[in-house]
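Novice: One line per chain: the protein sequences are W and G, in this order.
Using my numbering, the letters of the first sequence map in sequence onto residues 185 to 408.
Using my numbering, the letters of the second sequence map in sequence onto residues 14 to 244.
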Amino acid sequence: MTLVREALLVSGKDLRIERRAKVTLSQVVPFAAIVLLLFAFALDPDRGVLTRAAPGLFWIAVLLASLLAVSRSFAVEAENGARDALRLSGLDPMAIFLGKSLAVLAQLLVLEVVLTIGVVVLYDLSLRSLVPLALASVAATIGVVATGIVYGVLTAGLRLRETLVPLLVLPVVTPALLGATRAWEASVDGVPGEAWPWVAVLGAFALIAGTVGLLAFGPLLEES
Amino acid sequence: MSLVVSLRSAVCLLGRFPALAGVDLDIATGEVVLVSGANGAGKTTLLRLLAGLVPLRAGAVTVLGHDLAVDARAHRRDLALVGPDTFCYDDLTVAENLAFAARAAGHPPAPTELLEQLDLARLAPVAHRDLSTGQRRRLSLAIALARDPRLLLLDEPHAGLDVVGRAVLDVALADASRDGRTVLLASHELDRARTLASREVELVAGRAVGGRREESPSVPAPETAPEDVGR
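Next up, the structure:
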């Protein structure tokens, strides 16, 4: 129970900071929207390429945006020695991991809703099987966020963290990109039976990434 | 009287440099100890070692009954460190920063009296980024006290404070001492710090060479550097 209370304390703090700074609203969401728009310009919508590639393009936009969100989550801890304060706070490192993950997860899920509307409008996409699509999105996002938070704290004390985070995170979250794209394609095609195995893969990925994060975050925070 | 801090031949390295080169020091419950020394003598490293923020390379250190070689985290909930950084979030207000620190330590949000004691009550709704340097220093001390620590580690607490701010800080420290907290105070402002301390320990090249108890200030301050930039 204490773990949950402490996690909510940390996520509440991060979301309050985000509400004030509006980085997700003013930078991350527009960035992801611009990426979707650029894809629309780069690919020819008349030939249906855009519609076929839409699930993959959506998830690439989400992954790129998640890097910004994770970097932002640790940038606030670099202010005024706040990372030392977090270490000294007495909070359980697992709770800090959960709290920071919850805050980034909430922001990314909102972003995904906005981007989903974007691909439906911009790419003329029809979403037929919403349940597997939603479950795949949540599972993939949990996996991406957990991975991002682990690498975020790993690089938190480094001067090159902004460039290191993408290099470290993107290869590791490839299973999430693959699984989420396939699940979305099946959902768009209206064959949910083909989506469920990918939802299971994404669930396993989220479970592994979350478990590794819970165990690794404390030692990494101490070394950062 | 029980020991709150005990160091035996404590060695701390910053890179390859021995910032602490074998420190022996005992501090009992309720003591207010001034740590003096030139820049680079190891004052800040000593405080960060006791907080568990830098690793012990050799020797033995016990803080609040916990052996730091075994667990450098277990004692943190019972101590507070006030250093050059304020440990605050720029986008949160004074009240929000205080509430977060207190709740993280398992305490209710800081009482209004604490804000009033440190002349911060009118600043409660102001964001940290909009505070002056002196106001930030007072907030930093308020956050430390809101955690209700048994051990208070203060690194140049008077730096950046005006005359009024220093007086407010001195009263707060005297109150903390009266409340039975153990205080370790690293400072270059020796005249002022000696009026607060019951004992002075001098660090020279990473070793403690002093340990005398002083009832009243008697030694003039040899230096008045505004900030400790040493380790």
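Glycine included, each C-beta is placed from N, C-alpha and C at the ideal position.
Note that the structure is a prediction, hence the values are computed from the model and not measured.
#1: For residue 195/W and chain G, any beta-carbon pair shorter than 8 angstroms?
#2: Counting Cβ pairs, one atom from each stretch, are 3 or more of them under 8 angstroms apart for the segment 362-378 of chain W and the segment 262-273 of chain W?
#3: For chain W, check one thing: does any of its Cβ atoms lie closer than 8 angstroms to the Cβ of residue 116/G?
#4: Quick check: is the beta carbon of residue 333/W nearer than 8 angstroms to any beta carbon in chain G?
#5: Looking at C-beta atoms only, is the number of pairs between the segment 337-356 of chain W and the segment 306-318 of chain W that lie closer than 8 angstroms three or more?
#6: Three Cβ pairs or more, each shorter than 8 angstroms: is that satisfied between the segment 133-146 of chain G and the segment 18-32 of chain G?
#7: Applying the 10 Å Cβ sphere with the 16-neighbour rule, what's the burial state of residue 102/G?
#8: Check the Cβ of residue 90/G against every Cβ in chain W and list those closer than 7 angstroms, keeping chain order.
#9: Using a Cβ-Cβ distance cut-off of 8 angstroms, determine whether residue 17/G contacts chain W.
#10: Would residue 266/W count as contacting chain G if we go by Cβ distances under 8 angstroms?
#11: Flag residue 188/W as yes if its beta-carbon sits less than 8 angstroms from any beta-carbon of chain G, otherwise no.
#12: What is the C-beta distance between residue 284/W and residue 357/W, in whole angstroms, given that I count them as a contact (C-beta under 8 angstroms)?
#13: Please confirm if residue 343/W has its CB atom under 8 angstroms from at least one CB of chain G.
#14: Between residue 76/G and residue 213/G, what straight-line distance do the alpha-carbon atoms span, to the nearest angstrom?
#15: With a 10 Å radius around its C-beta and 16 neighbouring C-beta atoms as the bar for buried, classify residue 240/G as buried or exposed.
#16: So, with DSSP's three-state summary, where would you put residue 67/G?
#17: Can you grab the Cα-Cα spacing for the pair residue 189/W / residue 120/G, in whole Å?
#18: Taking CB distances under 8 angstroms as the criterion, tell me whether residue 263/W reaches chain G.
#19: Compare the C-beta of residue 288/W with all C-beta atoms of chain G and state if any pair is closer than 8 angstroms.
#20: According to DSSP, what are the bridge partners of residue 92/G?
#21: Would DSSP call residue 15/G helix, strand or coil?
#22: What is the C-beta distance between residue 317/W and residue 368/W, in whole angstroms, given that I count them as a contact (C-beta under 8 angstroms)?
#23: From this set, 104/G, 84/G and 215/G, which residue's C-alpha is nearest residue 417/W's C-alpha?
#24: Please state whether DSSP places residue 183/G in a helix, a strand or coil.
#25: Using DSSP with H/G/I as helix, E/B as strand and the rest coil, what is residue 31/G?
#26: Note down the Cα distance separating residue 218/W from residue 33/G, rounded to an integer number of angstroms.
#27: Using a Cβ-Cβ cut-off of 7 angstroms (strictly less than) and excluding sequence neighbours within five positions of residue 45/G, which residues of its own chain qualify?
#28: Rounded to the nearest angstrom, what separates residue 415/W and residue 131/G at their Cα positions?
#29: Pull up the distance between the alpha-carbon of residue 289/W and that of residue 303/W, whole angstroms please.
#30: Is the CB of residue 195/G under 8 angstroms away from at least one CB in chain W?
#31: Given that residue 168/G touches chain W, what residues does it touch there, using C-beta distances under 8 angstroms?
#32: What do you reckon, are the CB atoms on residue 154/G and residue 17/G nearer than 8 angstroms?
#33: In angstroms, rounded to a whole number, what distance separates the CA positions of residue 291/W and residue 237/W?
#34: In angstroms, rounded to a whole number, what distance separates the CA positions of residue 23/G and residue 60/G?
#35: Suppose you measure from the CA of residue 161/G to the CA of residue 352/W; what does that come to, to the nearest Å?
#36: Rounding to the nearest angstrom, what Cα-Cα distance links residue 184/G and residue 172/G in this structure?
Specialist: By the coordinates alone:
#1: no
#2: no
#3: yes
#4: no
#5: no
#6: Flag = no, the segment 133-146 of chain G and the segment 18-32 of chain G do not touch.
#7: buried
#8: 274
#9: no
#10: yes
#11: no
#12: At roughly 17 angstroms, the Cβ-Cβ gap does not stay under 8 angstroms, so residue 284/W and residue 357/W are not in contact.
#13: no
#14: 19 angstroms
#15: Confidence is the limiting factor: at residue 240/G the pLDDT is only 37, short of 50, which leaves the residue's position unreliable, though a coordinate-based value still follows. So residue 240/G ends up on the exposed side.
#16: coil
#17: So the alpha carbons of these two residues sit roughly 13 angstroms apart.
#18: yes
#19: no
#20: Answer by DSSP bridge pairing, in chain order: 164/G.
#21: Three-state DSSP puts residue 15/G in coil, outside helix and strand.
#22: 6 angstroms
#23: Absent from the structure is residue 417/W, since the part of chain W shown begins at 185 and ends at 408.
#24: helix
#25: In this structure, residue 31/G counts as strand in the three-state DSSP scheme.
#26: 53 angstroms
#27: 190, 196, 198, 209, 210 and 211
#28: This structure does not reach residue 415/W, given that chain W is present from 185 up to 408, and the question cannot be answered.
#29: 20 angstroms
#30: no
#31: Those within 8 angstroms of residue 168/G in chain W number zero; the least Cβ separation is about 11 angstroms.
#32: no
#33: 25 angstroms
#34: 12 angstroms
#35: Residue 161/G and residue 352/W have their C-alpha atoms spaced approximately 40 angstroms apart.
#36: 16 angstroms
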